[in-house]
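Everything in the sequence shown is counted per our numbering, starting at 20 for the first residue and increasing by one.
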Amino acid sequence: VFLRHEDLYNDDLLQYGGLEFPQINYTYYNARPYRYFYACGFGHVFGDSLLKMDLEGKKLKVWRHAGLFPSEPVFVPAPDAKDEDDGVVMSVVITPKE
20 VFLRHEDLYN DDLLQYGGLE FPQINYTYYN ARPYRYFYAC GFGHVFGDSL LKMDLEGKKL
80 KVWRHAGLFP SEPVFVPAPD AKDEDDGVVM SVVITPKE
């Protein structure tokens with residue numbers, strides 16, 4: 020298999036450190052080409068943001084609040100979803116100060 024290199028993101032992603040726990044819309048796109056993935060961003064030791072990456076448009080959306088630490092995101096499609104990203108992203112968020 021010969022693969023060609025292609026950056027799947029732009030430089031905006033680099034400011035959020037690494038990412039872990041990538042998730043897609045598995046209900047409709049498991050083992051198929053997909054456009055979006057969701058992940059937990061790691062600016063330091065703990066997850067500190069949730070990311071939505073558009074692989075076609077190479078655009079990044081970030082949810083982040085100081086002092087809140089999200090875990091692995093789970094994408095749940097809307098029952099009547101027409102688009103790949105039509106649904107909700109759920110994550111357990113730790114709030115150590117509360």
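Here a beta-carbon is modelled for each residue, glycine too, at the ideal position from N, C-alpha and C.
Legend entry - Separation of Pro-89 from Ser-96, as counted between CA atoms: Locating residue 96 in the sequence shown gives position 77, where the first residue counts as 1. Locating residue 89 in the sequence shown gives position 70, where the first residue counts as 1. Correcting the residue type first, residue 96 is Pro in the shown sequence and not Ser. Computed Cα separation, rounded: 20 angstroms.
Inset, instruction - Confirm, please, whether the CB-CB distance from Phe-94 to Val-111 is below 9 angstroms. - result: For the purposes of this step, residue 111 is identified with residue 92 of the sequence shown, where counting begins at 1. For the purposes of this step, residue 94 is identified with residue 75 of the sequence shown, where counting begins at 1. It is not a contact, given that the beta carbons lie outside the stated cut-off.
Inset, instruction - Report buried or exposed for Tyr-55, applying the criterion of at least 16 other Cβ atoms within 10 angstroms of its Cβ. - result: Here residue 55 is taken as the residue at index 36 of the sequence shown, counted from 1. It counts as buried.
Inset, instruction - Return the residue from the list Tyr-47, Phe-61 and Asp-104 that minimises the CA-CA distance to Leu-74. - result: Working through the sequence shown from its first residue, we reach residue 74 at position 55. Ranking the options by Cα distance to Leu-74, first place goes to Asp-104.
Legend entry - Own chain partners of Glu-39 with C-beta closer than 8 angstroms, once the 5 adjacent residues on each side are dropped: Sequence index remark: in the sequence shown, residue 39 carries index 20 (1-based). So the qualifying residues of the chain are Ala-58, Cys-59, Phe-61, Gly-66 and Glu-91.
Inset, instruction - Figure out for me which residue from Leu-79, Gly-86 and Tyr-45 has the closest Cα to the Cα of Gly-106. - result: For the purposes of this step, residue 106 is taken as the residue at position 87 of the sequence shown. The candidate whose alpha carbon is nearest that of Gly-106 is Tyr-45.
Legend entry - Residues that DSSP places opposite Asp-73 in a beta bridge: To locate residue 73, count along the sequence shown from 1; it is residue 54. BP columns for Asp-73 point to Tyr-55 and Lys-78.
Legend entry - Residue-level contact to chain B via CB, Val-111, 9 angstroms cutoff: Within the model displayed, chain B is absent; a lone protein chain is all it includes.
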